[in-house]
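Start counting the sequence shown at 6; every next residue gets the next number (the UniProt record's numbering). A quick write-up on the structure given underneath.
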Amino acid sequence: AAQRVTRFATTVFSEFSALAARHGAVNLGQGFPDFDGPAAIKEAAQRAIRDGGNQYAMGAGARELRVAIAEHSARFYGQTVDPDTMVTVTSGATEAILDTLLGLVDPGDEVVAFEPFYDSYDANITFVGATARFVPLRPPDADHAQWWFDRDEVRAAFSPRTRLLILNTPHNPTGKVFTRDELTFLGELCAEFDVKVLSDEVYEHLVFEPARHLRPATLPGLAERTVTVSSGGKTFSLTGWKVGWVIAPPPLRDAVQRAHQFVTFATAAPLQAAMAEALRLPDAYFTELTASYAAKRERLLTGLREAGLTAFAPEGSYFILADITRQGFADDVAFCRHLVSKVGVAAIPPSVFYGPAHRHLGQGLARFAFCKTDAVLDEAVRRLRAGL
Ligand code: PMP
Ligand code: GLN
Numbered sequence: 006a007a008q009r010v011t012r013f014a015t016t017v018f019s020e021f022s023a024l025a026a027r028h029g030a031v032n033l034g035q036g037f038p039d040f041d042g043p044a045a046i047k048e049a050a051q052r053a054i055r056d057g058g059n060q061y062a063m064g065a066g067a068r069e070l071r072v073a074i075a076e077h078s079a080r081f082y083g084q085t086v087d088p089d090t091m092v093t094v095t096s097g098a099t100e101a102i103l104d105t106l107l108g109l110v111d112p113g114d115e116v117v118a119f120e121p122f123y124d125s126y127d128a129n130i131t132f133v134g135a136t137a138r139f140v141p142l143r144p145p146d147a148d149h150a151q152w153w154f155d156r157d158e159v160r161a162a163f164s165p166r167t168r169l170l171i172l173n174t175p176h177n178p179t180g181k182v183f184t185r186d187e188l189t190f191l192g193e194l195c196a197e198f199d200v201k202v203l204s205d206e207v208y209e210h211l212v213f214e215p216a217r218h219l220r221p222a223t224l225p226g227l228a229e230r231t232v233t234v235s236s237g238g239k240t241f242s243l244t245g246w247k248v249g250w251v252i253a254p255p256p257l258r259d260a261v262q263r264a265h266q267f268v269t270f271a272t273a274a275p276l277q278a279a280m281a282e283a284l285r286l287p288d289a290y291f292t293e294l295t296a297s298y299a300a301k302r303e304r305l306l307t308g309l310r311e312a313g314l315t316a317f318a319p320e321g322s323y324f325i326l327a328d329i330t331r332q333g334f335a336d337d338v339a340f341c342r343h344l345v346s347k348v349g350v351a352a353i354p355p356s357v358f359y360g361p362a363h364r365h366l367g368q369g370l371a372r373f374a375f376c377k378t379d380a381v382l383d384e385a386v387r388r389l390r391a392g393l
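If you want it as structure tokens, here you go:
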């Protein structure tokens, strides 16, 4: 295999989903809902297939989907988006992240990202020949109600070689929702070093009161330097569709589009037609989704605490991190292997979301997903209470 892939064996998600299947474990590992998105949206995709929308879509994305993405940005964030010059539709946020790195970052450049990070960031930074500078998020403590970062540590990670800052809000796996004050600080730092921003917002609609999702691209100073990435997988419980998108000012979007045209060229046409309908669902769909997830979050938080784990309450996303340091295992991987094989519950060991220097920070944690039906969450809690 080529050097750029030797460091990346099977992803932790595939590994633990396979282990969960083999051991008949309840799978709270890989983040995917065990329920499907709205019936009307699935029917819209079937209709598009039946009615002949089955050839290549436009490379930048079907126009009706680009218009729907622009309307959604105006409706929820008051953001003005030109569907013709500021949007590219991609095969999931995963492709959007790679396209952004390919379009904006040269070999030898540096990219700053927070730890724990979504695993594809690290791999994609390597693929483009850049160097990652990771800054750890710190857990809540006496002075911080939520996960936080040390501003001096972030500043120290920036240099004249820094090209891109990767943000993820709401954040997987901590559930942190970045505040206006934090984003303003990061925006000023990026302006000072002339750094672009990739803002991964795939959990934009999974945010729990009193937290509110702020789109970095709507803040002064960030609009002209930010590539916003999102997708419909989480918002519409359709993770298998892999329809994502990039929203960026024309020069940045043009750079991303140049990469996209030679990565996948275009995304599945009938699914784009259905995703345009999904983005136009009434406000009630989005509020009900959030309310349903708020209840699931409460259910799993309570259950994990009853099972004796110290669980951090997330402000967003569909993940809960728990402190496992008092469980008596060497590290998070040993704990999660025991959990899946002996207790019958799959969770993800977060140390894989850290670079080598900070890996120890993840070794006292486990990530549990709550994008599951209540009966499945209850069964997981029953097993944890009996087996931990
Ligand atoms: N970013 C983050 C933070 C994620 O959690 C995920 C999904 N696991 C993705 C990107 C990928 O999204 P998609 O499925 O749309 O490619
Ligand atoms: N985003 C999902 C998670 O964090 C998994 C996506 C994947 O399997 N690549 O669990």
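Where is the CB? At the ideal position from N, CA and C, for every residue including glycine. A quick note: this is a predicted structure, and the numbers were derived from the prediction, not measured.
Near the ligand PMP: residue i beta-carbon under 8 Å from a heavy atom
i    : result
K247 : yes
E20  : no
K208 : A quick correction: the sequence has Tyr, not Lys, at residue 208. The answer is yes for Y208.
E120 : no
E100 : yes
D205 : yes
N173 : yes
S236 : yes
T244 : yes
Opening and closing residue of the beta strand (DSSP E) in which residue i lies
i    : result
S236 : 231–236
T167 : 167–173
D205 : 201–205
Per DSSP, cross-strand counterpart(s) of residue i
i    : result
V159 : Answer by DSSP bridge pairing: none, since V159 is not bridged.
A137 : V116
V212 : G321
I353 : R372
I252 : V92, T233
R143 : W153
T315 : D328
V338 : Answer by DSSP bridge pairing: none, since V338 is not bridged.
Closer than 8 Å: residue i CB and nearest the ligand GLN heavy atom
i    : result
N59  : no
S125 : yes
P178 : yes
I353 : yes
Q35  : yes
F324 : yes
A327 : no
T90  : no
A374 : yes
T16  : yes
Proximity of residue i and residue j at Cβ, strictly below 9 Å
i         : j    : result
residue 2 : G64  : Since the first residue of the chain shown is 6 and the last is 393, residue 2 is not available in this structure.
G249      : E76  : no
A67       : V31  : no
T105      : V261 : yes
M280      : F241 : yes
A119      : R156 : Contrary to the premise, residue 119 reads as Phe rather than Ala in this sequence. Contact: no.
R388      : V348 : yes
L211      : T295 : yes
P121      : F334 : no
L382      : L33  : yes
A216      : V182 : yes
V133      : L107 : yes
For residue i, the first and last residue of its enclosing alpha helix (DSSP H)
i    : result
I102 : 97–109
V386 : 379–392
I130 : 124–132
S78  : 68–82
S297 : 288–311
V344 : For clarity, residue 344 is Leu in the given sequence; the question names Val instead. Counting along the chain, L344 falls outside any alpha helix (DSSP H), and DSSP gives it neither H nor E.
S22  : 17–28
A196 : 185–198
L284 : 274–284
T11  : 8–11
R55  : 44–55
Proximity test, Cβ basis, 9 Å: residue i and chain D
i    : result
E229 : Considering every chain present, this structure includes no chain D. It has just one protein chain.
Heavy atom of the ligand NAD within 8 Å of residue i beta-carbon
i    : result
G313 : Absence of the ligand NAD is noted for the structure shown, with the ligand PMP and the ligand GLN being the only ligands found.
Is the segment 275–295 touching the segment 254–263, taking contact as three or more C-beta pairs under 8 Å? no
Indicate whether the contact test is met: 3 or more Cβ pairs, each with one atom in the segment 107–127 and one in the segment 75–91, closer than 8 Å. no
Taking 8 Å as the cut-off, does the segment 349–369 touch the segment 269–283 (at least 3 CB pairs, one atom from each stretch)? no
Using 8 Å as the threshold, is the segment 225–233 in touch with the segment 309–327, meaning 3 or more CB pairs across them? no
contact_flag[the segment 199–218, the segment 176–187] where n(CB pairs < 8 Å) is 3 or more: yes
Contact between the segment 290–307 and the segment 373–380 is defined here as three or more beta-carbon pairs at a separation below 8 Å; is this criterion met? yes
I want to know whether the segment 159–168 touches the segment 135–144 - three or more CB-CB distances under 8 Å. yes
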